[in-house]
Amino acid sequence: MIEFRDVSASYDGELAVLDRVSFTIPNGDFVAFVGTNGAGKSTTMRLINGLLKPTAGDVLIDGVSTANLRTSELAAKVGFLFQNPDRQICCNTVREELMFGFKAQGRECADAEGRVDAMIERFGFDPDAEPFLLNRGTRQLLALASIIVLETPVIVLDEPTTGLDFRECSKVMEIIAGLNVRGTTVIMVCHDMEVTADYAKRVIAMTEGHVVDDGPTFEVLRNPNTLQRAHLLPSQIVDISMRLGDVAPAIASSSIARANSLDQMSTAIYEFISSHAGTGASPALGSDEGLGA
Ligand SMILES: Nc1ncnc2c1ncn2[C@@H]1O[C@H](COP(=O)(O)OP(=O)(O)OP(=O)(O)O)[C@@H](O)[C@H]1O
Ligand SMILES: [Mg+2]
Numbered sequence: 066m067i068e069f070r071d072v073s074a075s076y077d078g079e080l081a082v083l084d085r086v087s088f089t090i091p092n093g094d095f096v097a098f099v100g101t102n103g104a105g106k107s108t109t110m111r112l113i114n115g116l117l118k119p120t121a122g123d124v125l126i127d128g129v130s131t132a133n134l135r136t137s138e139l140a141a142k143v144g145f146l147f148q149n150p151d152r153q154i155c156c157n158t159v160r161e162e163l164m165f166g167f168k169a170q171g172r173e174c175a176d177a178e179g180r181v182d183a184m185i186e187r188f189g190f191d192p193d194a195e196p197f198l199l200n201r202g203t204r205q206l207l208a209l210a211s212i213i214v215l216e217t218p219v220i221v222l223d224e225p226t227t228g229l230d231f232r233e234c235s236k237v238m239e240i241i242a243g244l245n246v247r248g249t250t251v252i253m254v255c256h257d258m259e260v261t262a263d264y265a266k267r268v269i270a271m272t273e274g275h276v277v278d279d280g281p282t283f284e285v286l287r288n289p290n291t292l293q294r295a296h297l298l299p300s301q302i303v304d305i306s307m308r309l310g311d312v313a314p315a316i317a318s319s320s321i322a323r324a325n326s327l328d329q330m331s332t333a334i335y336e337f338i339s340s341h342a343g344t345g346a347s348p349a350l351g352s353d354e355g356l357g358a
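Heads up: take any position in the sequence shown, counting from 1, add 65, and you land on our numbering.
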């Protein structure tokens, strides 16, 4: 379990870039941190993996303050994917890169070679390839694989899908979702609301060093107040429901408004449009103004 208790942080010792942030992430959760540039998301990630220490408050991993954990102890609990994969790629071959984490942790792992072989096969890597000659998507996959291979109970991923095309993004997210299904706690920063909506169980929205909302993904991502305060673009389905609500106020009490998940919401939207299509009964549906097409 990861706990932030009134955590403040600063890079220069003066300006607080996080201000009394509190949350608890139980084992097995899948949390996405969202918010504008500079909101403090990466700073929060750095505090979780001990790269940064709080100026006030406490960050606890399984009840122990990061202030009292050695780097190697923290590394055994939390795997960390940097916002830019090139910051963590440092070896001459893919195989060495995948082995690197075991050496950095300074722990003996009897089946390290076997785990690395499994990663090479699973991701389809060329073990002798030079990491820096790989394309951006493959470097991202390599950085992710070099975290997964360590089998830490928690993984922290700072924008794991940035710069990836749709196919690479889906591949990365399916791998991450699979880890979570098998019990890994996943904490990720994500700018893509579709990816967030599709994969995260819970969303923590931040702005200017504060948490502005924290709850089940669908609740946070459909909350207009949160979207506005954290300067977030709604996911497509939520956007359509809001636009429909603007042009047809009756929707405020319809099954679209009462939906409890994105799937329910998209089904309700489909049924609403189907039932009104061609009847002329729904105000402004199909007009440029109404749907903003
Ligand atoms: N190494 C650093 N030294 C000084 N200030 C920093 C450093 N890293 C971040 N900051 C500042 O801390 C604040 C929070 O930055 P942080 O990187 O945590 O934001 P973020 O939410 O991850 O933004 P982004 O979406 O752009 O990655 C910003 O004002 C940023 O300028
Ligand atoms: Mg960041």
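Ideal Cβ positions, reconstructed from N, Cα and C, are used throughout, including at glycine.
Discussion item. For ligand 1, I want to know if residue 76 counts as a neighbour, meaning its beta carbon is within less than 8 Å of at least one of the ligand's heavy atoms.
Written reply: Annotation for residue 76 indicates a beta carbon within 8 Å of some heavy atom of ligand 1.
Discussion item. Buried or exposed, going by whether 16 or more other CB atoms sit within 10 Å of the CB of residue 142?
Written reply: Flag for residue 142 reads buried.
Worksheet item: Do residue 273 and ligand 2 come close, with the Cβ less than 8 Å from some heavy atom?
Response: No.
Worksheet item: Could you give the distance in angstroms between the alpha-carbon of residue 124 and the alpha-carbon of residue 104?
Response: Whole-angstrom Cα-Cα distance: 18 Å.
Worksheet item: Do residue 223 and ligand 2 come close, with the Cβ less than 8 Å from some heavy atom?
Response: True, at least one ligand heavy atom lies under 8 Å from that Cβ.
Practice prompt. Please look up how many angstroms separate the CB atoms of residue 251 and residue 261, rounded, as I've assumed it's under 8 Å.
Written response: That pair is no contact at about 12 Å.
Worksheet entry | Between the CA atoms of residue 110 and residue 289 - distance to the nearest angstrom | Answer to the nearest angstrom: the Cα atoms are 26 Å apart.
Practice prompt. Quick one: which unbroken alpha helix (DSSP H) runs of 4-plus residues sit fully inside the region 226-259? Chain order, please.
Written response: Those alpha helix (DSSP H) runs which fall completely within the region 226-259 and span 4+ residues are 231-246.
Fill in: First through last residue of the alpha helix (DSSP H) which encompasses residue 125
Here residue 125 belongs to no alpha helix (DSSP H); instead the beta strand (DSSP E) covers 121-126.
Worksheet item: So, is residue 205 buried or exposed, given that buried needs 16 or more other C-beta atoms within 10 angstroms?
Response: Here residue 205 is buried. Its C-beta has 16 or more other C-beta atoms within 10 Å.
Item to complete: Check whether the region 289-298 touches the region 114-124, counting contact only when three or more Cβ pairs, one atom from each stretch, lie closer than 8 Å.
Response: Segments in contact, no.
Worksheet item: From residue 174 to residue 165, what distance separates their C-alpha atoms?
Response: Taking the straight line from one Cα to the other gives about 12 Å.
Discussion item. In this structure, how does DSSP classify residue 271 when only helix, strand and coil are distinguished?
Written reply: Strand.
Discussion item. Taking 8 Å as the cut-off, is the beta-carbon of residue 104 closer than that to any non-hydrogen atom of ligand 1?
Written reply: For ligand 1, at least one heavy atom lies less than 8 Å from the Cβ of residue 104.
Worksheet item: DSSP state of residue 278, grouped into three classes?
Response: Three-state result, residue 278: strand.
Discussion item. Under 8 Å: does the beta carbon of residue 254 sit that close to some heavy atom of ligand 2?
Written reply: Relative to the non-hydrogen atoms of ligand 2, the Cβ of residue 254 comes within a distance shorter than 8 Å of at least one.
Worksheet entry | Cβ neighbours of residue 310 in the same chain (closer than 8 Å, five flanking residues each side left out) | Only 316, 317, 321 and 322 meet the Cβ criterion.
Fill in: Candidates 133, 266, 263 and 236: closest to residue 203 by CA position
Of the candidates 133, 266, 263 and 236, the one whose C-alpha sits nearest the C-alpha of residue 203 is 236.
Worksheet item: Taking all protein chains shown into account, do 16 or more other C-beta atoms lie within 10 angstroms of the C-beta of residue 80, making it buried, or fewer, making it exposed?
Response: Of the residues assessed, residue 80 falls on the exposed side of the cut-off, its CB having fewer than 16 other CB atoms within 10 angstroms.
Worksheet item: Can residue 254 and residue 88 be called in contact, C-beta distance under 9 Å?
Response: In this structure, residue 254 lies away from residue 88, with their beta-carbon atoms at least 9 Å apart.
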